[in-house]
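Engineer: Just so you know, the working numbering puts 462 at position 225 of the sequence shown, and the rest follows in order with no gaps.
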Amino acid sequence: MSTAKTTSNQATNASVTVCTHPLVQHNLSILRDQQTSNELFRSALKRIATFILQEACADLPLSKKIIETPICKAEAHVLAPEVPLIISPILRAGLALASVATELLPTASVYHIGLYRDEETLKPVTYYNKLPSTIDYSQARILILDPMLATGGSAVAAVDIIKKLGVRVENLRFVSVIAAPEGVEHLTKAHPGIQIVTAALDERLNEKGYIVPGLGDAGDRTFGTV
C-alpha cells in the first residue's frame, strides 16, 4: 500500500504527491531541528530521498525478460532498456538527492544543472548546464532533484532548459524534500502537467522567500557551509 497522498490541479493538469510514510515524517523532524548536526542532516536527507524517489519512479516503464533462476526459467520484469533514464540534480543542494538516485537507478545518466537564486531579486541565475543536445529526449524519463521548492524560480528555469531539448512534460518528475505552496503554484502554472513528488508541503514563504516552517538552507546544512 502506498504511503503517499496525491492532489491534482485540473486547471494546470498537474499533481503533487506527498510521501506520508512514518519514517519520512520522523526524518523530517530531524531535518527541521536547528540543533541537528551537518552529519545527521545528511543522513536523514538521504533516508527521505529513498522514499520520495521510489514514489517518483513508481510508473517507470517495464519490459518482460526471461531469466534463469537456480531452479528454472522464469519471466521477470526489468526497467525498459529502450527508455533513457536521466537524473538531473540542480546544483548544489540537489547533489544530496542524486547520490541516492544513482544507487536506485545505477544505469541512469546524470546531467547537472547549475542554478542559484539571486538574494535580492529572488530570480534564478544559470551558471552550469551539462545537458547534452545530441541525444533523443523524446522518450526520456527525467528526475529533476532539488531539496527545496521555494519560490519555484529555479524549478521553472530547470524545466525550461530540459523541455527545450524535446522532453515531454509528462515524463518529468520534480523531486523535492519540502515545498511551499507558492513554489508549487509557480511551477505548475509555468509547466502544466508537471508532476511533483515531495515529503512535505509547508505553510508559506516568508518575506525573504524562505519556506516556513522549512528547514533552513538545505545546501548549507548538507555541506556544512552555514
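The C-beta atom is built at its ideal place from N, Cα and C for all residues, glycine as well.
Predicted, not measured: the structure shown is a model, and the values here were computed from it.
For G403, which residues in the same chain have their Cβ closer than 6 Å to its Cβ, ignoring the five residues on either side in sequence?
Structural biologist: Position 166 of the sequence shown, counted from the first residue, corresponds to residue 403. Contacts found: Y374, S375.
Engineer: Give every residue of the same chain whose Cβ lies closer than 6 Å to the Cβ of L452, excluding the five residues on either side of it in the sequence, and list them in chain order.
Structural biologist: Along the sequence shown, one-based indexing puts residue 452 at 215. These residues qualify, in order along the chain: L268, R269.
Engineer: Would you call the region 384-395 in contact with the region 333-353, where contact means no fewer than 3 C-beta pairs closer than 8 Å?
Structural biologist: With the cut-off at 8 Å, the region 384-395 and the region 333-353 touch.
Engineer: Return the residue from the list I448, A436, L332, L386 that minimises the CA-CA distance to T425.
Structural biologist: Taking the sequence shown and counting its residues from 1, the one referred to as residue 425 is at position 188. The residue with the shortest Cα to Cα distance from T425 is L386.
Engineer: Taking the C-alpha atoms as reference points, what is the distance between G461 and S413?
Structural biologist: Position 224 of the sequence shown holds residue 461. Position 176 of the sequence shown holds residue 413. Computed Cα separation, rounded: 20 Å.
Engineer: Nearest to P369 by CA position, among E305, E340, I324, is which residue?
Structural biologist: Residue numbering aside, residue 369 sits at position 132 when the sequence shown is read from its first letter. When only C-alpha atoms are compared, the closest one is I324.
Engineer: May I ask which residues mark the beginning and end of the beta strand (DSSP E) holding L380?
Structural biologist: Working through the sequence shown from its first residue, we reach residue 380 at position 143. Taken as a continuous stretch (DSSP letters only), the beta strand (DSSP E) holding L380 covers 378-382.
Engineer: Restricting to Cα atoms, I'd like to know which of L299, T240, K400 is closest to A313.
Structural biologist: Along the sequence shown, read from residue 1 onward, the residue named residue 313 stands at position 76. Nearest option by C-alpha distance: L299.
Engineer: Once DSSP output is grouped into helix, strand and coil, what is the label at E444?
Structural biologist: Sequence index remark: in the sequence shown, residue 444 carries index 207 (1-based). Coil, per DSSP.
Engineer: Can you tell which of I285, D296, D439 has its C-alpha closest to the C-alpha of N408?
Structural biologist: As a first step, residue 408 must be located in the sequence shown, where it is residue number 171. If we check each option's Cα against that of N408, D296 comes out closest.
Engineer: Which residue spans inside the region 381-448 form an unbroken beta strand (DSSP E) run of at least 3?
Structural biologist: Qualifying beta strand (DSSP E) stretches, in chain order: 409-412, 432-435.
Engineer: Excluding the 5 residues preceding and the 5 following E440 in the sequence, name in chain order all residues of the same chain whose CB lies nearer than 6 Å to its CB.
Structural biologist: As a first step, residue 440 must be located in the sequence shown, where it is residue number 203. Excluding residues within five positions, the ones whose Cβ falls inside 6 Å are V449.
Engineer: If you follow the alpha helix (DSSP H) that A311 is part of, which residue opens it and which one closes it?
Structural biologist: Within the sequence shown, residue 311 is the residue found at index 74, counting from 1. It is not in any alpha helix (DSSP H) - A311 instead sits in the beta strand (DSSP E) that spans 310-316.
Engineer: Taking the straight line between their C-alpha atoms, what separation do you get for V289 and V337?
Structural biologist: Along the sequence shown, read from residue 1 onward, the residue named residue 289 stands at position 52. Along the sequence shown, read from residue 1 onward, the residue named residue 337 stands at position 100. Per the sequence shown, residue 289 should be read as Ile rather than Val. Approximately 10 Å between the Cα atoms of the pair.
Engineer: Where does N264 land, buried or exposed, given buried means 16+ other C-beta within 10 angstroms?
Structural biologist: On the sequence shown, residue 264 is found 27 positions in, with the first residue counted as 1. N264 should be labelled buried.
Engineer: Could you check what DSSP says for K360 in three-state terms: helix, strand or coil?
Structural biologist: The count along the sequence shown starts at 1 and reaches residue 360 at position 123. Coil at K360, not helix or strand.
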